[in-house]
Ligand SMILES: C[S@@+](CC[C@H](N)C(=O)[O-])C[C@H]1O[C@@H](n2cnc3c(N)ncnc32)[C@H](O)[C@@H]1O
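Okay, here's the thing in structure tokens:
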């Protein structure tokens with residue numbers, strides 16, 4: 011698939027930081043899903059995160075809606091492995107407003123950021139669509155995506171748990187780790 015085909019052309023969130031300010035419902039969804047994310051971290055084998063932990067937020071828009079969730083992820087990882095560096099890979103389409111995303115994650119906008127409270131945390135940003143491989147194989151511990159994958163026009167990964175996308179039946183089939191992804 012070509013790079014251009016791999017984008018949801020024309021579908022973008024409001025720029026300039028308006029998305030998270032105007033979308034409290036999306037934040038509510040992420041906050042409600044946070045216990046599932048924390049359970050997933052608890053279930054990871056300790057040796058898989060002993061040297062560091064990488065989380066991706068795919069389809070992150072301006073990142074404001076997931077700041078609290080990611081702060082809790084960092085706490086959960088630090089509780090298990092206090093010395094583990096945490097990388098947070100924010101991904102969205104290349105035409106996403108990444109200036110607004112940077113503004114939010116560095117606390118230059120209206121939201122509190124985990125970066126003011128945590129050390130050993132490394133935000134990274136990618137404009138690669140989730141139709142393509144975003145980060146190298148065997149380098150992701152936990153992938154997260156909220157209110158974004160319903161726009162996929164075809165199934166691009168086999169399994170999510172839990173998942174509300176239209177190709178999965180019920181509450182997940184296999185976890186990513188069970189699937190070897
Ligand atoms: C409704 S917003 C959700 C933002 C955030 N995850 C949340 O829950 O508040 C959907 C996001 O998915 C992104 N998106 C849509 N198609 C995408 C793709 N193919 N690759 C990466 N991101 C995509 C959009 O650009 C948008 O920022």
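In the numbering used here, the protein residues as written are 11 to 191. Backbone N, C-alpha and C fix where the C-beta goes; we use that ideal spot for every residue, glycine too. Since we're looking at a predicted model, the values are computed, not measured.
Exercise for the section: On the DSSP bridge assignment, give the partners of residue 135 in chain order. Expected result: Numbered from 1 along the chain shown, position 125 holds the residue referred to as residue 135. Partner(s): 100.
Handout entry: Helix, strand or coil at residue 66 [DSSP, three-state]
Key = Stepping through the chain shown from its first residue, residue 66 is reached at position 56. DSSP places residue 66 in strand when its eight states are reduced to three.
Practice task
Flag residue 141 as yes when its Cβ comes closer than 7 angstroms to any non-hydrogen atom of ligand 1, and as no otherwise.
Solution key: The sequence position of residue 141 within the chain shown is 131, counting from 1. True, at least one ligand heavy atom lies under 7 angstroms from that Cβ.
Problem - Cβ-heavy atom distance, residue 70 to ligand 1, below 7 angstroms - result: As a working note, residue 70 is residue 60 in the chain shown. Answer for residue 70: yes, Cβ within range of ligand 1.
Handout entry: Whole-Å CB distance - residue 67 paired with residue 51, under 8 angstroms assumed
Key = On the chain shown, residue 67 is found 57 positions in, with the first residue counted as 1. On the chain shown, residue 51 is found 41 positions in, with the first residue counted as 1. Between the beta-carbon of residue 67 and that of residue 51 there is about 14 angstroms, and that puts the pair past the 8 angstroms contact cut.
Handout entry: Run of the beta strand (DSSP E) containing residue 152, from where it starts to where it stops
Key = As a first step, residue 152 is located in the chain shown; it is residue number 142 there, counting from the start. Secondary structure note for residue 152: its beta strand (DSSP E) is the uninterrupted segment 152–154.
Practice task
Kindly indicate which three-state DSSP category residue 38 falls into: helix, strand or coil?
Solution key: Translated into the one-based positions of the chain shown, residue 38 becomes position 28. Judged by DSSP in its simplified three-state form, residue 38 adopts helix.
Exercise for the section: Look at the alpha carbon of residue 125 and the alpha carbon of residue 150, and state the distance between them as a whole number of angstroms. Expected result: Locating residue 125 in the chain shown gives position 115, where the first residue counts as 1. Locating residue 150 in the chain shown gives position 140, where the first residue counts as 1. Straight across, the Cα-Cα distance linking residue 125 with residue 150 is about 20 angstroms.
Problem - Stretch-stretch touch, CB-based, cutoff 8 angstroms, three pairs: the region 126–135 with the region 35–54 - result: With fewer than three CB-CB distances shorter than 8 angstroms, the region 126–135 does not count as touching the region 35–54.
Problem - Sequence-distant residues of its chain with Cβ nearer than 6 angstroms to residue 74 (five each side left out) - result: Along the chain shown, one-based indexing puts residue 74 at 64. If you ignore the 5 residues before and after residue 74, its C-beta comes within less than 6 angstroms of the C-beta of 30, 114, 121, all in its own chain and listed in chain order.
Exercise for the section: Indicate, with yes or no, if ligand 1 has a heavy atom lying under 7 angstroms from the CB of residue 43. Expected result: Taking the chain shown and counting its residues from 1, the one referred to as residue 43 is at position 33. Checking the 7 angstroms criterion, the Cβ of residue 43 is out of range of every heavy atom belonging to ligand 1.
Problem - Best match in 36, 46, 47, 65 for proximity to residue 148 [C-alpha to C-alpha] - result: Translated into the one-based positions of the chain shown, residue 148 becomes position 138. Considering only 36, 46, 47, 65, the residue with the shortest C-alpha distance to residue 148 is 65.
Practice task
With a threshold of 16 other CB atoms inside 10 Å of the CB of residue 168, please say whether the residue is buried or exposed.
Solution key: The residue you call residue 168 lines up with position 158 of the chain shown. Low local confidence applies: a pLDDT of 48 at residue 168 is under 50, so the model's placement there is unreliable, with the coordinate-based value given in what follows. Counting C-beta atoms within 10 angstroms of its own C-beta, residue 168 has fewer than 16 neighbours from the protein chains shown and is therefore classed as exposed.
Practice task
For chain D, find out if any of its Cβ atoms is closer than 8 angstroms to the Cβ of residue 107; answer yes or no.
Solution key: Looking for chain D here will not work: only one protein chain is present.
Handout entry: Euclidean distance between Cα positions of residue 95 and residue 118
Key = Against the chain shown, residue 95 aligns to sequence position 85. Against the chain shown, residue 118 aligns to sequence position 108. Take the alpha-carbon of residue 95 and the one of residue 118: they are about 23 angstroms apart.
Practice task
Go ahead and pull the three-state DSSP assignment for residue 90.
Solution key: Position 80 of the chain shown holds residue 90. The answer is helix: DSSP assigns residue 90 an H, G or I state.
Problem - Contact test: residue 102 Cβ vs ligand 1 heavy atom, cutoff 7 angstroms - result: Translated into positions along the chain shown, residue 102 becomes position 92. Residue side-chain check: residue 102 places its Cβ nearer than 7 angstroms to a non-hydrogen atom of ligand 1.
Exercise for the section: Verify the contact flag: residue 123, CB atom, against every heavy atom of ligand 1, threshold strictly below 7 angstroms. Expected result: Against the chain shown, residue 123 aligns to sequence position 113. Residue 123 Cβ: outside cutoff for every heavy atom of ligand 1.
Practice task
Check whether the Cβ of residue 40 lies closer than 7 angstroms to any heavy atom of ligand 1, and answer yes or no.
Solution key: Position 30 of the chain shown, counted from the start, is the residue given in the question as residue 40. Yes - ligand 1 has a heavy atom lying nearer than 7 angstroms to the Cβ of residue 40.
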